[in-house]
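Structure record follows, encoded as structure tokens.
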Ligand SMILES: CC(C)(COP(=O)(O)OP(=O)(O)OC[C@H]1O[C@@H](n2cnc3c(N)ncnc32)[C@H](O)[C@@H]1OP(=O)(O)O)[C@@H](O)C(=O)NCCC(=O)NCCS
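In the numbering used here, the protein residues as written are 512 to 928.
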């Protein structure tokens, strides 16, 4: 519990706050945010301690919720947090309440051992709290060439299986979660960086009114899935995954058949089976930049966890710096990573201010650029062309090998489109 100015109090949310939080979230956000919040706080794997409020007496005037995530960076998966369901009552805006709740969330995230935070959020705002745009959000593209149905639509709903179409599109149950997660694992395995749905979120996704997960079954096996959201101008197909090209075709066909006459658009997960298969059927993509935010609260623990991945990158690039030390400065502080004679990386050591890392053979990276450098599509080579406060120093080969451009795929509670 923290006392804020004017007698306001920041504290963990409680069951008695549920209705007020719900009202606040819907007033300031979207219809359905109340349900999403309830699903988190009432889930045994999450719970009330993941949500906080600022109260003025008995009145809930601001709220935020932290979700527990993992981020796979190459071969290493690290724990991460995501702040969501952020809202302040209009009468209480501009008094630092969200800022205080972001601090609560980041402290809790650190206490849970999260090594970074990722999130989707309103433009610019979260940069005030150490976030920077990092991972590209793929565009949603209109389906301009619909597949022909294999068989006439049976009289009963979405139909199938028939002799000519062995597929059935149906609502999944909890028993399907392992199969759905396995499909997403396979889809995300093509990406360098991946944020999967934690298991609890699959349960919430089955209940949220904001979107609906569908499973595609073939001969009793789940071979595809998609998350559909109804928009004013049609249906969005997100998080599509399929075991093979035939299943990808069947998935689009089944959605088109069940939503006949509606405009379909697809989130273009380019490296997945449906992404590749559906690409020729899609219209142009918006060229506007859309990105997930990331925040790296402390460089040393994250790099320490990433040592096996960094070793792998150096070996893959054939960069041998045995017996030396890798120096990376965030200017106000720096880290040193000893490279043993066998090329393995020793524990990351932290040091103080190092404004001119190039003078000791090191690289410089502004702290808010770390997320983009580690998770994003530009890598050291690209970021140095965009940011004067990111540079590799004299050993360009080393730092380009350590920080190559990364492809990324994020599965999140909220659909950013
Ligand atoms: C965005 C929102 C949560 C901010 O809440 P708040 O309690 O007024 O925020 P704070 O007073 O803690 O503001 C922190 C800082 O952000 C700034 N800020 C507030 N809203 C901002 C916005 N939309 N964009 C950019 N900066 C903003 C404030 O000026 C303040 O800056 P300062 O610390 O330098 O003075 C609130 O306006 C809201 O509920 N909006 C509607 C719902 C929403 O958009 N939620 C976020 C979904 S991702």
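We put the CB at the ideal spot given by N, CA and C, even for glycine. Note that the structure is a prediction, hence the values are computed from the model and not measured.
> Residues bridged to residue 947 by DSSP?
Replying inline: Residue 947 lies beyond the range of the chain shown here (512 to 928); nothing can be said about it.
> How many whole angstroms separate the CB atoms of residue 797 and residue 650, which I take to be in contact at a CB cut-off of 8 Å?
Replying inline: In the chain shown, counting from the first residue as 1, residue 797 sits at position 286. In the chain shown, counting from the first residue as 1, residue 650 sits at position 139. Going by Cβ atoms, the distance from residue 797 to residue 650 rounds to 5 Å, so yes, they are a contact pair.
> What runs of the beta strand (DSSP E), each 3 residues or longer, lie entirely inside the region 845-900?
Replying inline: If we require 3 residues or more, the beta strand (DSSP E) runs fully inside the region 845-900 come out as 845-849, 860-862, 874-876.
> residue 648: which of 704, 894, 846 sits nearest, CA to CA?
Replying inline: Numbered from its first residue, the chain shown carries residue 648 at position 137. Of the listed residues, the one whose Cα sits closest to residue 648 is 704.
> For residue 829, does the three-state DSSP call read helix, strand or coil?
Replying inline: Mapped onto the chain shown, residue 829 falls at position 318. Looking at residue 829 - three-state DSSP - the assignment turns out to be coil, as it is neither helix nor strand.
>> On the criterion of 16 or more Cβ atoms from any shown chain inside 10 Å, does residue 635 qualify as buried, or is it exposed?
In response: Position 124 of the chain shown, counted from the start, is the residue given in the question as residue 635. Its Cβ having fewer than 16 others within 10 Å, residue 635 is exposed.
> Does DSSP put residue 554 in a helix, in a strand, or in coil?
Replying inline: Taking the first residue of the chain shown as position 1, residue 554 is located at position 43. Three-state result, residue 554: coil.
>> Just to confirm my understanding: we take residue 533, look at its own chain, exclude 5 residues before and 5 after, and list those with CB closer than 6 Å. What are they?
In response: Residue mapping note: residue 533 aligns to position 22 of the chain shown, counting from 1. Taking C-beta separations shorter than 6 Å and ignoring five residues to either side along the sequence, the partners of residue 533 in its chain run 545, following chain order.
>> For residue 503 and residue 723, I'd like the C-alpha separation in whole angstroms.
In response: Lying outside 512 to 928, the shown extent of the chain, residue 503 is not represented and no answer is given.
> What separation, rounded to the nearest whole angstrom, lies between the Cα atoms of residue 680 and residue 694?
Replying inline: In the chain shown, residue 680 corresponds to position 169, counting from 1. In the chain shown, residue 694 corresponds to position 183, counting from 1. Rounded to whole angstroms, residue 680 to residue 694 spans 15 Å at the Cα level.
>> Rounding to the nearest angstrom, what Cα-Cα distance links residue 489 and residue 590 in this structure?
In response: The structure shown does not extend to residue 489, since the chain is modelled only from 512 to 928, so the question has no answer here.
> Can you tell which of 749, 541, 771 has the C-alpha that lies nearest to the C-alpha of residue 780?
Replying inline: Position 269 of the chain shown, counted from the start, is the residue given in the question as residue 780. The shortest C-alpha separation from residue 780 is found at 749.
> Would the beta-carbon of residue 744 fall within 8 Å of that of residue 774?
Replying inline: For the purposes of this step, residue 744 is taken as the residue at position 233 of the chain shown. For the purposes of this step, residue 774 is taken as the residue at position 263 of the chain shown. In this structure, residue 774 lies closer than 8 Å to residue 744 by Cβ.
> Is the beta carbon of residue 581 less than 8 Å from the beta carbon of residue 596?
Replying inline: Taking the chain shown and counting its residues from 1, one reaches residue 581 at position 70. Taking the chain shown and counting its residues from 1, one reaches residue 596 at position 85. No.
> In this structure, does DSSP put residue 595 in helix, strand or coil?
Replying inline: In the chain shown, residue 595 corresponds to position 84, counting from 1. In the structure shown, the three-state DSSP call for residue 595 is strand.
> When the Cα atoms are used, what is the spatial distance from residue 570 to residue 527?
Replying inline: For this step, residue 570 is matched to residue 59 along the chain shown. For this step, residue 527 is matched to residue 16 along the chain shown. Roughly 11 Å separates the two Cα atoms.
>> If I follow the unbroken beta strand (DSSP E) through residue 633, where does it start and stop?
In response: In the chain shown, the residue the question calls residue 633 occupies position 122. Careful: residue 633 lies outside any beta strand (DSSP E) and carries neither H nor E.
>> DSSP has residue 590 in a bridge; who is on the other side?
In response: Reading the chain shown from its first residue, position 79 is the one you call residue 590. DSSP lists 581 as partners of residue 590.
> Considering only residues of the same chain and omitting the five flanking positions on each side of residue 525, which have a CB-CB separation below 7 Å?
Replying inline: Your numbering for residue 525 matches position 14 in the chain shown. Excluding sequence positions up to five before and after residue 525, its CB lies within less than 7 Å of the CB of 559, all in the same chain and listed in chain order.
>> Run through the DSSP bridge pairs and tell me what residue 837 is partnered with.
In response: Position 326 of the chain shown, counted from the start, is the residue given in the question as residue 837. Answer by DSSP bridge pairing, in chain order: 848.
> If we call anything under 8 Å between Cβ atoms a contact, is residue 854 one with residue 879?
Replying inline: As a working mapping, residue 854 is identified with position 343 in the chain shown. As a working mapping, residue 879 is identified with position 368 in the chain shown. In this structure, residue 854 keeps its C-beta atom at 8 Å or more from the C-beta atom of residue 879.
>> Here's the rule I'm using: 16 or more other beta-carbon atoms within 10 Å means buried, otherwise exposed. How should residue 802 be labelled?
In response: Sequence index remark: in the chain shown, residue 802 carries index 291 (1-based). So residue 802 ends up on the buried side.
> Can you give the Cα-Cα distance for residue 572 and residue 609, rounded to whole angstroms?
Replying inline: On the chain shown, position 61 is the one that residue 572 refers to. On the chain shown, position 98 is the one that residue 609 refers to. Pairing residue 572 with residue 609, the inter-Cα distance amounts to about 10 Å.
> Taking all protein chains shown into account, do 16 or more other C-beta atoms lie within 10 angstroms of the C-beta of residue 1006, making it buried, or fewer, making it exposed?
Replying inline: As displayed, the chain neither begins before 512 nor continues past 928, which places residue 1006 out of reach and without an answer.
> Closer than 7 Å: is that where the CB of residue 887 sits relative to any heavy atom of ligand 1?
Replying inline: As a working note, residue 887 is residue 376 in the chain shown. No, since every heavy atom of ligand 1 falls outside the 7 Å radius drawn around the Cβ of residue 887.
> What's the call for residue 655, buried or exposed, on a 16-neighbour Cβ count within 10 Å?
Replying inline: One-based indexing of the chain shown puts residue 655 at position 144. Residue 655 is exposed by the Cβ-count criterion.
> Is there at least one non-hydrogen atom of ligand 1 closer than 7 Å to the beta-carbon of residue 642?
Replying inline: Indexing the chain shown from 1 puts residue 642 at position 131. Not so, every heavy atom of ligand 1 lies at least 7 Å from the Cβ.
> What does residue 745 pair with, by DSSP beta-bridge criteria?
Replying inline: Walking along the chain shown from the start, residue 745 turns up at place 234. In the DSSP assignment, residue 745 is bridged to 742.
> Quick one, what's near ligand 1 if you take every residue whose CB is closer than 6 Å to any heavy atom, in chain order?
Replying inline: Going by the Cβ distance cut-off, the answer is 539, 540, 573, 597, 598, 599, 604, 605, 606, 607, 608, 609, 610, 632, 633, 635, 636, 639.
> With distances taken between CB atoms, is the gap from residue 805 to residue 631 smaller than 8 Å?
Replying inline: Walking along the chain shown from the start, residue 805 turns up at place 294. Walking along the chain shown from the start, residue 631 turns up at place 120. No, Cβ-Cβ distance for residue 805 and residue 631 is not below 8 Å.
>> Taking the straight line between their C-alpha atoms, what separation do you get for residue 732 and residue 726?
In response: For the purposes of this step, residue 732 is identified with residue 221 of the chain shown, where counting begins at 1. For the purposes of this step, residue 726 is identified with residue 215 of the chain shown, where counting begins at 1. Taking the straight line joining both Cα atoms gives about 10 Å.
> Applying the criterion that 16 or more other CB atoms from any shown protein chain within 10 Å of the CB defines a buried residue, is residue 851 buried or exposed?
Replying inline: Residue numbering aside, residue 851 sits at position 340 when the chain shown is read from its first letter. Exposed, by the Cβ-count rule.
>> DSSP three-state label for residue 648, please.
In response: Here residue 648 is taken as the residue at index 137 of the chain shown, counted from 1. Correct three-state label for residue 648: coil.
> Can you give the beta carbon distance from residue 464 to residue 688, rounded, assuming they're within the 8 Å contact cut?
Replying inline: Residue numbering for the chain in the displayed model covers 512 to 928; residue 464 lies beyond these limits and cannot be assessed.
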